[in-house]
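Asks: Once you've had a glance at the structure underneath, I'll fire off some questions.
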Amino acid sequence: MSVASAFEKARSEDRGALVGYLPAGFPDVDGSIEALKVMVDAGCDVIEIGFPYTDPVMDGPTVQAAAQQALEQGVRATDVLRVVEAVAATGVPTLVMTYWNPVEHYGRANARSGGSSGVERFAADLASAGGAGLITPDITPDFGQEWIAAADAHDLDKVFLVSPSSTDERIAMTTAACRGFVYATAVMGVTGARASTSDLAGPLVARTKATTDLPVGVGLGVSNGDQAAEIAKYADGVIVGSALVRTLLDAGADRAAGLAALRALTEDLADGVRRG
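Convert by adding 394 to the 1-based position in the sequence shown; the result is the number in our numbering.
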């Protein structure tokens, strides 16, 4: 299932789409499934599931802390795919956001024995789990040809990133390789909730839309419904990660309190994209 259906539904309702992120395996595998289902129930149109990784160069301290907790509990690729399968079964398009190394090394033993490559096998298993595709923050289309071929073979979305520092030529090259939507990073730096939205986002969305008819989602820094409403005035989607993760981190071992806070924030964000 492509995320295109979710963006089309939001557009038909004259609003932005809400894209929510949480790492697989945080606070534990079953807990992440429960939390992601709360996010679906509270209004997320698209779900991003983070693949915990030891060298998360784009992630700020909040997402790093959650991913580290998942890694310390032994989360592996099979767990990530189990979470994808459970969330995709709700009917909400579900993407994996991952650094490239885990995908490239997936099924390495199978590749060494003459089977399909790790990339090909990951794409096949992701599709089999019901996943919509990948968001890949650390590869660009010109260095992602193996993924592009595997995604096309398995009918998966390919979401690459554009940033305020991207030239018009790089934006055009990137959007031409995307399927599903284009991820516009609103700030230069790592992820993390911020007190105000970036004034770089609007011009970046305009430059990106000049090159493509695909929806453009804005991520990095959104932490409440008012910020979501502001971004939804000019973007097709509002992407929220750290603020959602923070609700569970702050609750600690009180799982019920964490889920209640997660639901309340998601509902506020969902209201925001409808006010934009």
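Ideal Cβ positions, reconstructed from N, Cα and C, are used throughout, including at glycine.
Just so it is clear, the structure is predicted and the values come from calculations on it, not from any experiment.
Spatial neighbours of V478 within its chain, please: CB distance less than 8 Å, with the 5 preceding and 5 following residues excluded, ordered by chain position.
Replies: The residues are A418, I443, T488, V490, L520, A523, G524 and G525.
Asks: Taking the C-alpha atoms as reference points, what is the distance between F445 and V612?
Replies: If I take the Cα positions, the gap works out to 20 Å.
Asks: The alpha helix (DSSP H) with T641 in it runs from where to where?
Replies: S636 to A645
Asks: I625 bridges to which residues according to DSSP?
Replies: I625 is not bridged to any residue.
Asks: For M582 and P558, I'd like the C-alpha separation in whole angstroms.
Replies: With a pLDDT of 48 at M582, under the threshold of 50, the modelled position of that residue is not reliable, and no figure is offered here.
Asks: How about G574 and V599: do their beta carbons lie closer than 7 Å?
Replies: Going by beta carbons, G574 and V599 fall outside the 7 Å limit.
Asks: So the candidates are Q462, Y500, I529 and T606; which of them puts its Cα closest to the Cα of D551?
Replies: The residue with the shortest Cα to Cα distance from D551 is I529.
Asks: Buried or exposed, going by whether 16 or more other CB atoms sit within 10 Å of the CB of S426?
Replies: Its Cβ being crowded by 16 or more others within 10 Å, S426 is buried.
Asks: Should L663 and G619 be called a contact, given that it needs their Cβ atoms to be closer than 7 Å?
Replies: In this structure, G619 lies closer than 7 Å to L663 by Cβ.
Asks: Tell me whether P455 is buried or exposed, calling it buried when 16 or more other Cβ atoms sit within 10 Å of its Cβ.
Replies: exposed
Asks: Give me the residue from M452, I441 and T606 with the minimum Cα distance to A483.
Replies: I441
Asks: Note down the Cα distance separating I633 from A429, rounded to an integer number of angstroms.
Replies: Approximately 17 Å, taken between the alpha carbons.
Asks: Below 8 Å on the Cβ atoms is my guess for A460 versus L643; work out the distance and round it to an integer in Å.
Replies: With a Cβ gap of about 6 Å, A460 and L643 count as contacting.
Asks: Which class does P597 belong to by DSSP, given the choice of helix, strand or coil?
Replies: Assigned with DSSP and collapsed to three states, P597 falls in helix.
Asks: In the segment 503-578, which residue ranges form an unbroken beta strand (DSSP E) of at least 3 residues, counting only runs that do not cross its ends?
Replies: Whole beta strand (DSSP E) segments, 3+ residues: 527-529 and 551-553.
Asks: What is the DSSP secondary structure of A411, reduced to helix, strand or coil?
Replies: strand
Asks: Expressed to the nearest angstrom, what Euclidean distance is found between the alpha-carbon atoms of D408 and R668?
Replies: 8 Å
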